[in-house]
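Read through the structure below, which is laid out as structure tokens, and then see the notes.
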RNA sequence: GUGGCCGUAGCUCAGAUGGUAGAGUCCCGGAUUGUGAUUCCGGUUGUCGCGGGUUCGAGCCCCGUCGGCCACCCCA
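Numbering (this note's numbering), first residue to last: 281 to 716.
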């Protein structure tokens, strides 16, 4: 064995023992979103670098130092998407989905950021993004939040709390930003290196500093709430009413500032304390200016993204994750001629019961070994097809789990009844056609 | 990008002060020539992350590097 090739740092395989939980999770999300009328959209994983630079913001950490950017063979600068909103807006504009229309969209898939990996933070990670276009009132903000709250309930997720804030209109936010920069510059002697840096990049972030030396100065800083425009203020108040009416508890965190430039007005985060430093499990907000900024006509919009790895590890910490389903039956083959007879029987049973999970022994092995495989497979029943059974046209059904009846040998015709009864299987499977 | 801890069998881990690698589990076979998870017996599994240095001798000490974890930063 020469030098082992290993996966790229921060990019991990999702193994069979975990994929059951992923599929279950994704199914809950899909059904919840569908119940609110959201439709899936699938975008490419690679986009022109410019798309992200123009939407996320030139001076954000993501664009400055975290993107996987490379040159295509024809010299174009391409980037592995670090988030989904920009691509979703691009796709919507490009395909005319946003032209004077309302759209409720969602997508799922990998995102890429070149950061130092740690728990809950990976270089390839997976998000589910939800975006709503063409609705400017707080009702859609509330819908997005209620949708997530419902999803948490459905997942059995505890341990998350909601924080909301408003950034005001883009104009109000820009004006406030100037105020703030002026204020900080007047207190430059108190600023630490980090803050000096952020003065240029994201001054609002300074408000969130953990440095105790700066606490007093920050307390005295002008507040965003005092610089809100009237309509943003009202928007925010209505959102709070809607959340209260729906019984979704929240706290207002005036220092909650999302890192991406395109946010305005409503921002929110679902946070947990159970995951260490990576406590944000779902976050989003309104981005009324982005569509226009990317070449569409002015379209109000709001959305959020949730991190699948973080949510799954939170669920795991809070009671465990579901596993992939085991086979219903394991078919053992013992003796001359049972190989081909077994294939025939398996296929016939799968025809009869489309939902049946039947694992047939392959690769030989002694009786004992097959018995052990049947047990390890997690199957409820072992079907034994040996020479004696074959000669009589019968099959032995051996229950493998506690609380089941004795084993017995039945004719192959009677087998279907036994399986249907023991496993509660449906015999028909319909293909969804109409709205059913 | 910065700092701290850690890398030994597929997995979980043991290997005082340097003396040429071990357990459990898993897998395979047998005890029980057609009855699993228990028991007993036997067997396979390693460039001790990688590269260099010190030493008669390095899993152990030193340097570098890669990777993991944790925190900072940032974010999902």
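Glycine included, each C-beta is placed from N, C-alpha and C at the ideal position. Computed from a predicted model, the values in this text were never measured in an experiment.
Delimiting residues of the alpha helix (DSSP H) encompassing residue 464
On the first chain, position 184 is the one that residue 464 refers to. For residue 464, the enclosing alpha helix (DSSP H) begins and ends at 450-466.
What did DSSP end up calling residue 606 once you bin it into helix, strand or coil?
Taking the first chain and counting its residues from 1, the one referred to as residue 606 is at position 326. Residue state, collapsed to three classes: coil.
Let me check understanding here. Comparing Cα to Cα, which of 603, 612 and 366 lies closest to residue 648?
Translated into positions along the first chain, residue 648 becomes position 368. Residue 612 is the option with its Cα nearest to residue 648.
Mind checking whether residue 676 and residue 669 have CB atoms under 8 Å apart?
Here the question's residue 676 lines up with position 396 in the first chain. Here the question's residue 669 lines up with position 389 in the first chain. Going by C-beta atoms, residue 676 is nearer than 8 Å to residue 669.
For a test of the three-state rule: what should DSSP assign to residue 562, helix, strand or coil?
The residue given as residue 562 occupies position 282 in the first chain. Looking at residue 562 - three-state DSSP - the assignment turns out to be strand.
Within 10 angstroms of the Cβ of residue 483, are there 16 or more other Cβ atoms? Answer buried if so, exposed if not.
The residue given as residue 483 occupies position 203 in the first chain. Classification for residue 483: buried.
Residue from 544, 429, 446 and 350 whose Cα sits closest to the Cα of residue 440
As a position in the first chain, residue 440 is number 160, starting the count at 1. Of the residues 544, 429, 446 and 350, the one whose Cα lies closest to the Cα of residue 440 is 429.
Roughly how far, in whole angstroms, is the beta-carbon of residue 591 from the beta-carbon of residue 561, given that I think they are within contact range, below 8 Å?
Locating residue 591 in the first chain gives position 311, counting from the first residue. Locating residue 561 in the first chain gives position 281, counting from the first residue. Confirmed, Cβ separation roughly 6 Å.
Mapping DSSP to helix, strand and coil, what is residue 321?
Position 41 of the first chain holds residue 321. In the three-state scheme derived from DSSP, where H, G and I count as helix and E and B as strand, residue 321 is classed as coil.
Quick check: residue 364 and residue 387, are their CB atoms within less than 8 Å of each other?
Here residue 364 is taken as the residue at index 84 of the first chain, counted from 1. Here residue 387 is taken as the residue at index 107 of the first chain, counted from 1. For residue 364 and residue 387, yes; Cβs fall inside 8 Å.
Considering only residues of the same chain and omitting the five flanking positions on each side of residue 534, which have a CB-CB separation below 7 Å?
For this step, residue 534 is matched to residue 254 along the first chain. Once the five neighbours on either side are set aside, the close Cβ partners of residue 534 are 445, 503, 504 and 505.
Cβ neighbours of residue 298 in the same chain (closer than 6 Å, five flanking residues each side left out):
By one-based count along the first chain, residue 298 stands at place 18. The beta carbon of residue 298 sits closer than 6 Å to none of the beta carbons in its chain outside the five residues before and after it.
By DSSP, does residue 530 sit in helix, in strand, or in coil?
The residue you call residue 530 lines up with position 250 of the first chain. Reduced to three states, the DSSP call for residue 530 is coil.
Which residue wins for smallest C-alpha separation from residue 418, given the options 409, 349, 520 and 472?
Locating residue 418 in the first chain gives position 138, counting from the first residue. Relative to the Cα of residue 418, the nearest Cα in the group 409, 349, 520 and 472 belongs to 520.
Proximity to residue 678 [Cα-Cα], best of 290, 315 and 662:
Walking along the first chain from the start, residue 678 turns up at place 398. That would be 662, whose Cα lies nearest to the Cα of residue 678.
Can you tell me the Cβ-Cβ gap for residue 442 and residue 528, rounded? I've got them flagged as a contact below 8 Å.
Numbered from its first residue, the first chain carries residue 442 at position 162. Numbered from its first residue, the first chain carries residue 528 at position 248. Confirmed, about 7 Å.
Got a sec? Which residues, its chain only, sit under 7 Å from residue 587 by beta carbon, not counting five neighbours each side?
In the first chain, residue 587 corresponds to position 307, counting from 1. Only 405, 407 and 561 meet the Cβ criterion.
What is the DSSP secondary structure of residue 544, counted as helix, strand or coil?
The sequence position of residue 544 within the first chain is 264, counting from 1. Residue 544: strand per DSSP, three-state reduction.
CB-CB length for residue 554 against residue 597, believed under 8 Å:
Translated into the one-based positions of the first chain, residue 554 becomes position 274. Translated into the one-based positions of the first chain, residue 597 becomes position 317. Their Cβ separation, rounded to whole angstroms, is 5 Å, which keeps residue 554 and residue 597 in contact under 8 Å.
Whole runs of the alpha helix (DSSP H) within the region 355-402, excluding any shorter than 4 residues
365-374
Which one of 328, 351 and 382 has the shortest CA to CA distance from residue 361?
Residue 361 sits at position 81 when you count from the first residue of the first chain. Nearest C-alpha to residue 361: 328.
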